[in-house]
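Undergrad:
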Amino acid sequence: MSKKESEKPNQENAAADPGHQLVWLEDVQALTGETFRTDKKPDPANWEYKSLYRGHIARYKRKGDSCLGINPKKQCISWEGTPTEKKPSHKHVERYFTKKNVGLMSIDGVAVSCRTEPPSSDPIPFIPVKDPDDVAPPITSWLNPLGVYDQSTTRWLQGQGPSEQESKPSDSQTDREDAVLKAKVEEFNRKVRENPRDTQLWMEFVAFQDEVMRRPGLYALEVGEQEKRKRSLKLVLEKKLAILERAIESNQSSVDLKLAKLQLCKEFWEPAALLKEWQKLIFLHPNDTALWQKYLLFCQSQFSTFSVSKIHSLYGKCLTTLSSVKDGSILSHPVLPGTEEAMFALFLQHCHFLRQAGHAEKAVSLFQAMIDFTFFKPDSVKDLPTRGQVEFFEPFWDSGEPRPGEKGARGWRAWMHQQERGGWVVVNPDEEEEELEEEEQEIKDKTLPRCQIWLGAERSRDQRHWRPWRPDKTKKQTEEDCEDPERQVLFDDIGQSLIRLCSPALQFQLVEAFLHFLGVPSGFVPPASCLYLAMDENSIFDSGLYEEKPLTCHSPSFSGVSCVGRMDRFGGKRWTRGHSREGEEFIRHIFHLVVPLFPSKEKAQLCVSWLQHETAKVIWCLHTKNKKKLKSQGKTCKKLARNLLKEPESCSSMHLWQQYAHLEWLLGNTEEARRVLDTALSMAGARELQDTALCELSLLYAELEVELLADTRGASTSRAVHVLTGLTESAPYRPYTGQVLAVQVLKARKAYERALHDCLGENGASDPVPPSSADRLASLAKCFMLFQYLTMGIDAAVRIYEQVFAKLKGSLLPGGSGLGDSGSPQGLAGALEAVTLMHTGLLQFHMKVSVYPLAPLREALSEALKLYPSNQVLWRSYVQIQHKSHSASKTRRFFDTATRSTKSLEPWLFAIETEKMRKRLVETVQRIEGREIHATIPENGLTNRIKALFEHAIQSDNGSQCPLLWRMYLNFLVSLGNKERSKGIFYKALQNCPWVKVLYMDAVEYFPDELQEIVDLMTEKELRVRLLLEELELLLED
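In the numbering used here, the protein residues as written are 87 to 1124.
#1: For the alpha helix (DSSP H) that L408 lies in, which residues bound it at each end?
#2: In whole angstroms, what is the alpha-carbon distance linking A344 and L1103?
#3: Which same chain residues, not among the five before or five after F430, have their C-beta less than 6 Å away from its C-beta?
#4: In terms of alpha-carbon separation, which member of D764, T472, K468 lies closest to Q744?
#5: Whole angstroms is fine: what's the gap from T406's alpha carbon to L470's?
#6: For D1088, report the span of its alpha helix (DSSP H) as first-last.
#7: Between the C-alpha atoms of V1011 and Q930, what's the straight-line distance to the nearest angstrom?
#8: Who are the near neighbours of A131 in its chain, counting only those whose CB is closer than 8 Å to its CB and skipping five residues on each side?
#9: Using a Cβ-Cβ cutoff of less than 6 Å, which residues in the same chain neighbour I580 once the five nearest sequence positions on both sides are dropped?
#10: Using the rule of at least 16 other Cβ atoms within 10 Å of the residue's Cβ for burial, across every protein chain shown, is P955 buried or exposed?
#11: Give the DSSP-derived three-state secondary structure of M653 in the structure shown.
#12: Note the first and the last residue of the continuous alpha helix (DSSP H) segment covering T124.
#13: Rounded to whole angstroms, what is the Cα-Cα separation between I886 and D844?
#14: Can you tell me where the alpha helix (DSSP H) with M769 in it begins and where it stops?
#15: Have a look at M1087 and T1029 and give me their C-alpha separation to the nearest angstrom.
#16: Just to confirm before moving on: does the CB-CB distance between L1076 and F389 stay below 7 Å?
#17: Can you name, in chain order, every residue of its own chain whose Cβ lies under 6 Å from the Cβ of E1108, other than the five neighbours on each side?
#18: In the DSSP assignment, find the alpha helix (DSSP H) that holds S1099 and state where it starts and stops.
#19: Counting only beta-carbon separations shorter than 7 Å, does L1122 have a partner in chain B?
#20: In three-state terms, what does DSSP make of M429?
#21: Closer than 7 Å by C-beta to L1113: which residues in its own chain qualify, once you throw out the five before and the five after it? Chain order, please.
#22: Please report the distance separating the alpha-carbon of L730 from that of V1084.
#23: Give the range of the alpha helix (DSSP H) segment to which R573 is assigned.
#24: Considering Cα atoms alone, identify which of T564, Q574, Q549, P607 is closest to D654.
#25: Quick one: give me the first and last residue of the alpha helix (DSSP H) that N729 is part of.
#26: Tell me the DSSP bridge mates of V611?
#27: Drop a sphere of 10 angstroms on the beta-carbon of H972, count the other beta-carbons inside from all chains shown, and report buried for 16 or more, exposed for fewer.
#28: For the alpha helix (DSSP H) that N1078 lies in, which residues bound it at each end?
#29: DSSP beta-bridge partners for M621?
#30: Is the beta carbon of L434 less than 7 Å from the beta carbon of P612?
#31: Let me check you understand the geometry: is the CB of L243 closer than 6 Å to at least one non-hydrogen atom of the ligand MN?
#32: Short of 7 Å in beta carbon distance, which residues of its chain neighbour F870, apart from the five on each side in sequence? Order them along the chain.
#33: Kindly list the residues whose CB is nearer than 8 Å to the CB of L752, restricted to its own chain and excluding five residues on each side of it in sequence; keep chain order.
#34: Compute the beta-carbon to beta-carbon distance between V292 and K326, rounded to the nearest angstrom, for a pair I have assumed lies under 8 Å.
#35: If you compare alpha carbons, which of V650, I368, K352 is closest to S387?
#36: Would E1132 be called buried (16 or more neighbouring beta carbons within 10 Å of its own) or exposed?
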């Protein structure tokens, strides 16, 4: 090779690789070929993206149609293309939340199936899942360079939805689904044709239509109509209505089918037409109490036609008709089982309706009349039907004689006997010094806004004027002296609602319900049919002193039902302060009248309720730290307790001694309380573990002593162990003298084990617990648990609970059914509930005095709430411990499960309260010096979550007509500052609960500019307005 030929490649390399040295263009002109620079460094963007980066492409924009350098008068340039041509619109990529893609989410997915293949003898590491059809392997592209995404995923990455072919299920899949649905429809048609009298089968067929209408194809005529009919609620309702009409043709007497039809017709018919159908149904079935209850609720919640007088007369008609059926006056319809209990529930619902509408005087008069009509009925009229008895009762009511709760009340029977003898002998009463009534000044500050002045005066009159006005004969008053005629109650207002109660249990419940209505903690809970209707205050969230003393301070629960005369603003805590002086005298007169009417057991229970009522005022004084009031109230309570214990029939009541000792302990008189308890235990004698009341008394004594201890490690020498040990001995009780010997502790443990073994009936493993021993079992188990806790530790107490829980749950749920089964014995369910409360109380106390994990208490509460979803004490404890946890996911899952598995409203209410507490906690962290909220920490959608909970709760059966739930919703929206939205919820609440006066008063407080409009609306609906705006103007002018 020559030298020139060897140098040529070097020159070419130098020209081709100019990056190593600088080469000028003039130096390489002799080279033949292209002169360009080769960049050997790869750029990943060239193969990663579909095109060049837009920043590398030169762009320009032409200004005008001329060109530089030409004479515009003589020359012109014709540019290609028309400037008026529209630019192609840039198609916006649709996101997942757009209307089109949201619609795609409702399309049913294609089922994944596994093809049947012959089983293989070799074990496989996983179960293969294959698509119904073979899918072609994905094609690699710039968006899917590795070929790992299928076509649907690739299209989603591009921001596109599935194609029409993919969105449609395969023909084979659709055919299979249609075949299954057709088979079910044919099966239902065959069954209802063979058994047209089976109403439950018809109801299942109606419910099945929801599933049918979710599947287009069976009833769709063409492709375009499928989606339209799939989402058409009206079509589903029409289909259900047609099935129900067919069912009613075959079952003319079925009330359930007709009720289901009326529920569906709400969507189609006008209220007037619907009301006529209801009236026809009631006319055909006047003996059905459940139907009456639904009819009353329907009429009560129709805002357009609602008025208090209409509903009041409707309740009277209902109770009169049911009384005629019960008496046998209506021969065409027999008395159904449970009619008397249902009539009593309807009577209570009527009284709470009047209370909530502001007509407290009529409600109190109804209870007064029922007390006389039930307990003081003359023997000469007992055999008459109810209507005849009411006719004889009217002269007594109009005679002006004192009624129950008034001084000198003797009763209907005594008045009738005296009338037969010639009337009462009029004796001039002793001229007592008239106590000047200190009338509370209604308007304390005239500088306040007008709406606040009206609210204060209205609430003041509600508190003072809930008793019916009667002319005072000692002051020579007449009916014309009454300033407000609405305060007088005529016989026509109550005569139709009087009913006969023959059952002794219902008669005692009537007294308990009256005391509960007056605000006395009688332990009465309204029936389930009217509980949520009467629930209108937020006291269910107040734990009282339970957090400080979880073993002894189970505050008396009023179940969220306000007492008469209280229209307090929402959010205030309910601590029983009692009524005015006249109101407290009214309650004392009631007790003096009704206590002698009952046997010793019920009499002692009423005395305990009386003492609890006075003790509640002591607890309020302790809470407010009002020492002066506490001293005087304490003296009053102790005087009452001593007077009650002086009665021969009450001195042996362990419950009364227990309440008296607890009162002394609350007042701080520990030694006096111990003397009282020692005296009571000594009086009881040696009953060992057989007496339930004695076990409860010893348990309270031990719990009070335990709560005094700072550390439970030294509890083996405490008085608590002495009390629980002495309970098992056959010798009489001896007061505490010193340390309890270990031998005595062992003997006591053996005695507890034998007693529990006998009470559980564990001689046979499958034998259920007899319901008659339920109360004794609960008391014994609680004492044994506390004894084990003090002597061995918390784990030993938990084992006792687990043993009792397993046995009682087996007795209640032999087949694994729900605890709410109607066949479950109520005594055993109550015993299990009491033991569960003791278990959770012990765990809470142990966590308070020592270090202990939270998980056992959380699990115990979760299991208990699954069995008792309506227990407010358990819910309060659960919310309290979950509030300490910063993880909300478990709590939310539990609440979601609870709301789905029960019809009770408590899970909804406490779920909302839990989220509100979490929101307040977040706002507290964000707030600086209590003034400004800095949204540096995200709220995590708590507001929207609470709104969603409210919306779901008010759509439930019990929630739509629960005044407390609507008050909570309205208060929450007002706290957010959304006034227009809050007004909308207020008017929506009135559509469901137009009779609740406190809702209108909340609206006046939240929307002060609407005072005139709201008061006019109350007047139109005949709600009780005690202070008219015209009278307010006169008071402000004075």
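Cβ atoms here follow ideal geometry from the backbone N, Cα and C, with glycine treated the same way.
TA: The answer reads as follows:
#1: Its alpha helix (DSSP H) spans residues 394 to 413.
#2: In the sequence under discussion, the amino acid at residue 344 is Lys, which differs from the Ala named in the question. The C-alpha of K344 lies about 34 Å from the C-alpha of L1103.
#3: Taken in chain order, the residues that qualify are L592.
#4: Nearest in C-alpha terms to Q744, of all of D764, T472, K468, is D764.
#5: About 15 Å.
#6: For D1088, the enclosing alpha helix (DSSP H) begins and ends at 1083 to 1092.
#7: Those two C-alpha atoms are separated by around 27 Å.
#8: Excluding residues within five positions, the ones whose Cβ falls inside 8 Å are Y139.
#9: For I580, the CB contacts under 6 Å within the same chain, skipping 5 residues up- and downstream, are S451, L452, A455 in chain order.
#10: With 16 or more other Cβ atoms within 10 Å, it is buried.
#11: Shown here, M653 sits in coil according to DSSP, grouped into three states, outside any helix or strand.
#12: Premise fails: T124 is in no alpha helix (DSSP H) and is neither H nor E.
#13: Those two C-alpha atoms are separated by around 14 Å.
#14: Going by DSSP, M769 is part of the alpha helix (DSSP H) stretching over 756 to 770.
#15: If I take the Cα positions, the gap works out to 25 Å.
#16: Yes, these two residues count as a Cβ contact at 7 Å.
#17: Cβ within range, chain order: S393, V394, S395.
#18: As written in the sequence, residue 1099 is Glu, which differs from the Ser given in the question. That run of the alpha helix (DSSP H) goes 1097 to 1106.
#19: Protein chains in the displayed structure number just one, and chain B is not present.
#20: Note: M429 maps to helix in three-state DSSP.
#21: The beta carbon of L1113 is closer than 7 Å to those of W540, A543, E544, R547 in its chain, skipping five residues each way along the sequence.
#22: Looking at the two C-alpha atoms, the distance is approximately 38 Å.
#23: Premise fails: R573 is in no alpha helix (DSSP H) and is neither H nor E.
#24: Of the candidates T564, Q574, Q549, P607, the one whose C-alpha sits nearest the C-alpha of D654 is Q549.
#25: Annotation for N729: the continuous alpha helix (DSSP H) segment containing it runs 713 to 732.
#26: Per DSSP, V611 has no beta bridge partner at all.
#27: Here H972 is exposed: its Cβ has fewer than 16 other Cβ atoms, across all protein chains shown, within 10 Å.
#28: Taken as a continuous stretch (DSSP letters only), the alpha helix (DSSP H) holding N1078 covers 1065 to 1078.
#29: DSSP output for M621 lists V647 as bridge partner(s).
#30: Taking 7 Å as the Cβ cut-off, L434 and P612 qualify as a contacting pair.
#31: This structure does not include the ligand MN; it has no bound ligands of any sort.
#32: Closer than 7 Å at Cβ, skipping near neighbours: Y838, L842, I886.
#33: Only T701, V704, I705, L708 meet the Cβ criterion.
#34: Contact between V292 and K326 is confirmed by a C-beta separation of about 5 Å, below the 8 Å threshold.
#35: Minimum Cα distance to S387 is reached at K352.
#36: The shown model of the chain, from 87 to 1124, leaves out residue 1132, and the question about it has no answer.
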